[in-house]
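Each residue of the sequence shown is one higher than the last, beginning at 1 in the UniProt record's numbering.
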Amino acid sequence: MNKIKEKVLANERISPQEALQLVNFSIHELGELAFKKRKSFHQKKTYYIYNQHLNYTNICKNKCKFCAYFKEKNQKGAYTFSIADIKKEIKKRIHEPIVEIHIVGGLNPDLPLSYYEEMLSTIKNIRPDVRIKAFTAVEIAFLAEKHNLSEKDILLKLKNAGLDALPGGGAEVFSTSLRQKLCPEKISAEKWLKIHELAHNLNIPTNCTLLFGHIETWPERLDHLHSLRTLQDKTKGFLCFIPLPYQPNNNQLSAKGPNGQDFLQMIAISRIFLDNIKHIKAYWAFSGLKAAQLALWFGADDFDGTIVEEKIGHAAGADSPKGLTQAELKTYIQQAGFTPVQRNTFFQEI
Ligand code: V47
Ligand code: SF4
1 MNKIKEKVLA NERISPQEAL QLVNFSIHEL GELAFKKRKS FHQKKTYYIY
51 NQHLNYTNIC KNKCKFCAYF KEKNQKGAYT FSIADIKKEI KKRIHEPIVE
101 IHIVGGLNPD LPLSYYEEML STIKNIRPDV RIKAFTAVEI AFLAEKHNLS
151 EKDILLKLKN AGLDALPGGG AEVFSTSLRQ KLCPEKISAE KWLKIHELAH
201 NLNIPTNCTL LFGHIETWPE RLDHLHSLRT LQDKTKGFLC FIPLPYQPNN
251 NQLSAKGPNG QDFLQMIAIS RIFLDNIKHI KAYWAFSGLK AAQLALWFGA
301 DDFDGTIVEE KIGHAAGADS PKGLTQAELK TYIQQAGFTP VQRNTFFQEI
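See the structure below:
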């Protein structure tokens, strides 16, 4: 164990097999190591963003087993925003200093490509200074297939309409056998990685995620992180990694979700293993605020944002506010012992 510690402290890269041994470290020792890594990147800074979430439709043909957000087309509660609805949502908060709109939605076969382009250009018309982080690789692949275009063409069209970055969702766990159980209709790991590589090559930075704390194992988590680290070596296009703790309610998967120790171990091992991804996000909307505060001592350096309003985790039982004010966000970060730093989508300080 000490050899691995020495390697980490000497800023040497560790293998997935070595990272697996970190699971057996005491939580104090692991936390100390991850915190040293965090400090070498960011000292005591903790980043946050003033953002707005927009979930344009919950109709989705994929029906992932862990998802409590999707609805069938004619099911009660199914919705799709019109472009007029989107305008209204953006205008509702026009007097707030929002710097990013985060957009994701289900795979709704009734929406044409022009809807996505119009959504982006409409938002940029109303708020020219805002950055739009929108559409997971899953949505990009869906549009490409539906319109018989390449994923690169879709990315270029959307970039032209106002897309600035891609969020990290849809990665789930890269293991093929697990994907078969969790989300058999979803794009493969290879496709997810290919779309992120394409985006990076088009100067569209992206985030990346891992959905953890359900039926996956530590070796599967480490394989996933290894694939992300390998792509990052090639493109340097990932801005931030977000370990998403599984929320267990109202879906078709029988699993519990990670406990506090597992959550902190995941944050810490991500920080240590992903030596080429600068930021690790403690996504308070899924983990809860107290766990997110603690995660800052275990390697995380980003506290996400104001949000308003989070729908995907809350549909599955997330027990956190649906949004926060900027003042609240700063207070949570300060109370945890860190210095809040406002950032934009590209992690530039504001
Ligand atoms: O892709 C769905 C996940 C993701 C559940 O890039 C679930 O900055 C937990 O990716 N329990 C969407 N997770 C959220 C996401 C995200 C969030 C915040 C910031 C960024 C970013 C990305 O949520 C989905 C899926 O992987 N998800 N159901 C669930 N029951
Ligand atoms: Fe659809 Fe995404 Fe939910 Fe899967 S996780 S069912 S792709 S909305």
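Beta carbons are placed, not taken as given, at the ideal position from N, Cα and C, and that holds for glycine.
In this text, all values refer to a predicted model and were calculated from it rather than measured experimentally.
Subject >> Through-space distance from cysteine 208 to lysine 234, alpha-carbon basis >> reply: Indexing the sequence shown from 1 puts residue 234 at position 234. Indexing the sequence shown from 1 puts residue 208 at position 208. Rounded to the nearest angstrom, the two C-alpha atoms are 15 Å apart.
Subject >> Residue range of the beta strand (DSSP E) that includes asparagine 51 >> reply: Translated into the one-based positions of the sequence shown, residue 51 becomes position 51. Element bounds for asparagine 51: 51–54.
Subject >> Contact check, glycine 305 vs tyrosine 48, beta carbons under 7 Å >> reply: Residue numbering aside, residue 305 sits at position 305 when the sequence shown is read from its first letter. Residue numbering aside, residue 48 sits at position 48 when the sequence shown is read from its first letter. Yes, the pair counts as a contact, with Cβ atoms nearer than the cut-off.
Subject >> Straight-line Cα distance separating histidine 147 from valine 104 >> reply: Within the sequence shown, residue 104 is the residue found at index 104, counting from 1. Within the sequence shown, residue 147 is the residue found at index 147, counting from 1. Spanning the two alpha carbons is a distance of roughly 19 Å.
**OP:** Count the other C-beta atoms from every protein chain shown that fall within 10 angstroms of the C-beta of asparagine 202, then say buried if there are 16 or more, exposed otherwise.
**Re:** Locating residue 202 in the sequence shown gives position 202, where the first residue counts as 1. The sequence shown places leucine at residue 202, not asparagine. Label assigned to leucine 202: exposed.
Original post:
Opposite cysteine 60 in the DSSP bridges: which residues?
Top reply: If you number the sequence shown from 1, residue 60 lands on position 60. Cysteine 60 is not bridged to any residue.
Subject >> Endpoints, alpha helix (DSSP H) assigned at arginine 221 >> reply: Indexing the sequence shown from 1 puts residue 221 at position 221. 218–235 is the span of the alpha helix (DSSP H), which, as asked, contains arginine 221.
Original post:
Would the C-beta of leucine 211 count as close to ligand 3, meaning under 6 Å from any of its heavy atoms?
Top reply: In the structure shown, ligand 3 is absent; the only ligands present are ligand 1 and ligand 2.
Subject >> From Lys256, Arg271, Gln252, residue whose alpha carbon lies closest to that of glutamate 216 >> reply: Locating residue 216 in the sequence shown gives position 216, where the first residue counts as 1. Ranking the options by Cα distance to glutamate 216, first place goes to Lys256.
**OP:** Flag this pair as touching only if the region 15–28 and the region 259–273 have three or more C-beta atom pairs under 8 Å; answer yes or no.
**Re:** yes
**OP:** Taking only the alpha-carbon atoms, compute the straight-line gap between aspartate 319 and glutamate 172 and give it to the nearest angstrom.
**Re:** Working through the sequence shown from its first residue, we reach residue 319 at position 319. Working through the sequence shown from its first residue, we reach residue 172 at position 172. Each residue's Cα considered, the two are about 21 Å apart.
**OP:** Can you tell me which of the three DSSP states histidine 28 falls into?
**Re:** As a working mapping, residue 28 is identified with position 28 in the sequence shown. Three-state result, histidine 28: helix.
Original post:
Anyone know if the C-beta pair for glycine 170 and serine 121 falls short of 7 Å?
Top reply: Mapped onto the sequence shown, residue 170 falls at position 170. Mapped onto the sequence shown, residue 121 falls at position 121. Taking 7 Å as the Cβ cut-off, glycine 170 and serine 121 do not qualify as a contacting pair.
Subject >> Beta-carbon proximity check, alanine 141 vs isoleucine 83, cutoff 7 Å >> reply: Here residue 141 corresponds to residue number 141 of the sequence shown, with the count starting at 1. Here residue 83 corresponds to residue number 83 of the sequence shown, with the count starting at 1. Against a cut-off of 7 Å, the Cβ pair of isoleucine 83 and alanine 141 comes out as no contact.
Original post:
Count the other CB atoms within 10 Å of the CB of serine 177; is the residue buried (16 or more) or exposed (fewer)?
Top reply: One-based indexing of the sequence shown puts residue 177 at position 177. Exposed is the call here.
Original post:
By the 10 Å Cβ neighbour count, where 16 or more other Cβ atoms means buried, how is proline 243 classified, buried or exposed?
Top reply: Here residue 243 refers to the residue found at position 243 when the sequence shown is read from its first residue. With 16 or more other Cβ atoms within 10 Å, it is buried.
Original post:
Terminal residues of the continuous beta strand (DSSP E) containing aspartate 304?
Top reply: Working through the sequence shown from its first residue, we reach residue 304 at position 304. Unbroken beta strand (DSSP E) run through aspartate 304: 302–305.
Original post:
Could you give the distance in angstroms between the alpha-carbon of isoleucine 94 and the alpha-carbon of alanine 199?
Top reply: Looking up residue 94 in the sequence shown gives position 94. Looking up residue 199 in the sequence shown gives position 199. If I take the Cα positions, the gap works out to 29 Å.
Original post:
Between the C-alpha atoms of phenylalanine 286 and proline 245, what's the straight-line distance to the nearest angstrom?
Top reply: Mapped onto the sequence shown, residue 286 falls at position 286. Mapped onto the sequence shown, residue 245 falls at position 245. Taking the straight line from one Cα to the other gives about 6 Å.
**OP:** Would you kindly work out how many angstroms separate the C-alpha atoms of alanine 291 and glycine 260, rounded to a whole number?
**Re:** Mapped onto the sequence shown, residue 291 falls at position 291. Mapped onto the sequence shown, residue 260 falls at position 260. Taking the straight line from one Cα to the other gives about 7 Å.
Subject >> From Ala327, Glu310, Ala282, residue whose alpha carbon lies closest to that of alanine 68 >> reply: As a working note, residue 68 is residue 68 in the sequence shown. Cα-wise, what sits closest to alanine 68 is Glu310.
Subject >> Contacting residues, own chain, Cβ-Cβ under 8 Å from arginine 229 (five flanking each side not counted) >> reply: Here residue 229 is taken as the residue at index 229 of the sequence shown, counted from 1. So the list reads Phe273, Leu274, Asp275, Asn276, Ile277, once near-sequence residues are dropped.
Subject >> Opening and closing residue of the beta strand (DSSP E) in which threonine 206 lies >> reply: Locating residue 206 in the sequence shown gives position 206, counting from the first residue. Threonine 206 -> beta strand (DSSP E) spans 206–212.
Subject >> Span separating the alpha-carbon of arginine 131 from that of threonine 339 >> reply: Counting from 1 along the sequence shown, the entry for residue 131 is found at position 131. Counting from 1 along the sequence shown, the entry for residue 339 is found at position 339. Going by the C-alpha atoms only, they are around 24 Å apart.
**OP:** Enumerate, from N- to C-terminal direction, the unbroken alpha helix (DSSP H) stretches of 4 or more residues contained entirely within the region 308–347.
**Re:** 312–315, 326–335
Original post:
Is any heavy atom of ligand 1 found at a distance shorter than 6 Å from the C-beta of glutamine 247?
Top reply: Mapped onto the sequence shown, residue 247 falls at position 247. Checking every heavy atom of ligand 1 against the Cβ of glutamine 247, one is found closer than 6 Å.
Original post:
Would you call the region 50–57 and the region 105–119 in contact, with 3 or more CB pairs under 8 Å?
Top reply: yes
Subject >> Between the CA atoms of isoleucine 98 and tyrosine 307 - distance to the nearest angstrom >> reply: Within the sequence shown, the letter at position 307 stands for residue 307. Within the sequence shown, the letter at position 98 stands for residue 98. Before going on, a small fix: residue 307 reads as isoleucine here, not tyrosine. Using only the alpha carbons, I get a separation of about 10 Å.
Subject >> Own chain, CB closer than 7 Å to glutamate 32, minus 5 neighbours either side, in chain order >> reply: Residue mapping note: residue 32 aligns to position 32 of the sequence shown, counting from 1. There are no such residues.
**OP:** Compute the beta-carbon to beta-carbon distance between leucine 231 and glutamate 197, rounded to the nearest angstrom, for a pair I have assumed lies under 8 Å.
**Re:** Locating residue 231 in the sequence shown gives position 231, counting from the first residue. Locating residue 197 in the sequence shown gives position 197, counting from the first residue. That belief holds up - the Cβ atoms of leucine 231 and glutamate 197 are roughly 6 Å apart, short of 8 Å.
Subject >> Inside the region 133–204 only - alpha helix (DSSP H) runs reaching at least 4 residues >> reply: 137–147, 151–161, 176–182, 189–201
Original post:
glutamate 151: buried (16+ other C-beta within 10 angstroms of its C-beta) or exposed?
Top reply: As a position in the sequence shown, residue 151 is number 151, starting the count at 1. Answer is buried; the Cβ neighbour count reaches 16.
Subject >> N- and C-terminal bounds of the beta strand (DSSP E) containing phenylalanine 238 >> reply: Within the sequence shown, numbered from 1, the residue matching residue 238 stands at position 238. Run containing phenylalanine 238: 238–245, per the beta strand (DSSP E) assignment.
Original post:
Under the criterion of a Cβ to heavy atom distance below 6 Å, does alanine 137 qualify as lining ligand 1?
Top reply: As a position in the sequence shown, residue 137 is number 137, starting the count at 1. No, since every heavy atom of ligand 1 falls outside the 6 Å radius drawn around the Cβ of alanine 137.
Original post:
CB of asparagine 51 to nearest heavy atom of ligand 1: below 6 Å?
Top reply: Working through the sequence shown from its first residue, we reach residue 51 at position 51. The answer is no for asparagine 51.
Original post:
Relative to ligand 2, is the shortest distance from any of its heavy atoms to the C-beta of cysteine 67 smaller than 6 Å?
Top reply: To locate residue 67, count along the sequence shown from 1; it is residue 67. The answer is yes for cysteine 67.
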